[in-house]
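**Student:** Residues in the sequence shown are numbered consecutively from 593, following this note's numbering. Ideal placement from N, C-alpha and C gives every residue a C-beta, glycine not left out. Here the structure is a predicted model, which is why all the values come from computation and not from measurement.
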Amino acid sequence: MKRFFTTARYREHNRKDLRHEVPKLHLMLGDREFSTYDWSLGGFRIDDFKERPPVGEEIRVTQIAYDTENTVTTNSIAVVTRILVGKNQVAFSFNKLDEEAYDFLEQASMQRLAQLRNT
Numbered sequence: 593m594k595r596f597f598t599t600a601r602y603r604e605h606n607r608k609d610l611r612h613e614v615p616k617l618h619l620m621l622g623d624r625e626f627s628t629y630d631w632s633l634g635g636f637r638i639d640d641f642k643e644r645p646p647v648g649e650e651i652r653v654t655q656i657a658y659d660t661e662n663t664v665t666t667n668s669i670a671v672v673t674r675i676l677v678g679k680n681q682v683a684f685s686f687n688k689l690d691e692e693a694y695d696f697l698e699q700a701s702m703q704r705l706a707q708l709r710n711t
């Protein structure tokens, strides 16, 4: 039997890494591309996810990008942590984040600060 943990609304969590909405990341999960709703070094939420994967399911992250010039190929693993009912959103945490992906996410965090300064 599949296990689901769902929530009707977003609630704050005790996180070590704060989630960012910008820059929006584009991820290849398996063979499908998704955009993030928010992300951090610890995980991400994607929207427009029509399926209901079971909590605990692992999925391979093969590519991360925040624009056409800033892309990294990765061999990372993310795990489904929760599903947000009514929003078609799924939250993932990184179970295995390789060095290239970690460095790329740190670079994206710096890009976020640059974007915030320009607004």
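In the DSSP assignment, find the beta strand (DSSP E) that holds K679 and state where it starts and stops.
**Tutor:** Note, K679: premise wrong, no beta strand (DSSP E); not H, not E.
**Student:** So, helix, strand or coil for S632, using DSSP?
**Tutor:** coil
**Student:** Taking 8 Å as the cut-off, decide whether the C-beta atoms of L697 and L633 are in contact.
**Tutor:** yes
**Student:** By DSSP's criteria, T666 is part of a beta bridge. Which residues make up the other side?
**Tutor:** T666 is not bridged to any residue.
**Student:** Below 8 Å between beta carbons: does that hold for N680 and D639?
**Tutor:** yes
**Student:** Short of 6 Å in beta carbon distance, which residues of its chain neighbour S627, apart from the five on each side in sequence? Order them along the chain.
**Tutor:** K616, H618
**Student:** Start and end of the beta strand (DSSP E) containing L619?
**Tutor:** 618 to 621
**Student:** Can you tell me whether DSSP reads E691 as helix, strand or coil?
**Tutor:** It is helical.
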